[in-house]
Amino acid sequence: MSITKDDILNAVAEMSVMEVVELIESMEEKFGVSAAAAVVAGGAAEGGAAAEQTEFDVMMTSFGENKVKVIKALRSATGLGLKEAKAMAEASPVAVKEAISKEEAEALKTLLEEAGASVEIK
0 MSITKDDILN AVAEMSVMEV VELIESMEEK FGVSAAAAVV AGGAAEGGAA
50 AEQTEFDVMM TSFGENKVKV IKALRSATGL GLKEAKAMAE ASPVAVKEAI
100 SKEEAEALKT LLEEAGASVE IK
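Next comes the structure, spelled out in structure tokens:
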């Protein structure tokens, strides 16, 4: 007699969240794969800590009252030309940089805020 996918799904449905997390970890070890999204979802549902975010996006939501200073800050941070930096500032909300480290995101946020922009890190 062989076990079907439905048999496995029914067995998993009867498990607690922690048992499912342990099962996933065992499967990762046995097959050398990662099911990070499932572990995070299971851990969050159980009230555990989610995986720490390692990549951040810096979003400028507004250039504020001093567009010239913000354009200068954008140029220095991104290497864009004057025309491109101006277009970026006027396109708010806009992603200034994506998938960067937390330290780089914080530094960029500080630079833009000092120039007068409103910035969010996601």
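Anchor point for the sequence shown: position 60 equals 59 in numbering that gives the first Met the number 0, and the numbering is continuous, going up by one each time.
Glycine included, C-beta positions come from ideal geometry on N, C-alpha and C.
Q) Can a CB atom of chain C be found closer than 8 Å to the CB of Ala-10? A) In summary, chain C is missing from the structure at hand, where a single protein chain is found.
Q: Leaving aside the five residues before and after Asp-56 along the sequence, list all residues of the same chain whose C-beta is less than 6 Å from its C-beta, in chain order.
A: Ala-94, Glu-97, Lys-121, listed in sequence order.
Q) Is it true that the region 10-25 meets the region 53-71, where meeting means three or more beta-carbon pairs spaced less than 8 Å apart? A) Contact between the region 10-25 and the region 53-71 is absent: fewer than 3 CB-CB pairs across the two stretches fall below 8 Å.
Q) Excluding the five sequence neighbours on either side, which residues of its own chain have a C-beta within less than 6 Å of the C-beta of Arg-74, listed in chain order? A) These residues qualify, in order along the chain: Ala-84.
Q. Can you name the residues that DSSP bridges to Ser-61?
A. Bridge partners of Ser-61: Ser-117.
Q: Using DSSP bridges, identify the partner residues of Ile-99.
A: Paired residues: Phe-55.
(Q) Could you give the first and the last residue of the continuous alpha helix (DSSP H) run that contains Ala-10? (A) Start and end: 4-12.
Q.
Here's the rule: buried if 16 or more other CB atoms are within 10 angstroms of the residue's CB, otherwise exposed. What is Val-67?
A. Result: exposed.
(Q) Contact defined as beta carbons within less than 8 Å: I believe Ser-61 pairs with Ala-116. What is the distance between those atoms, to the nearest angstrom? (A) Correct: roughly 7 Å between the Cβ atoms.
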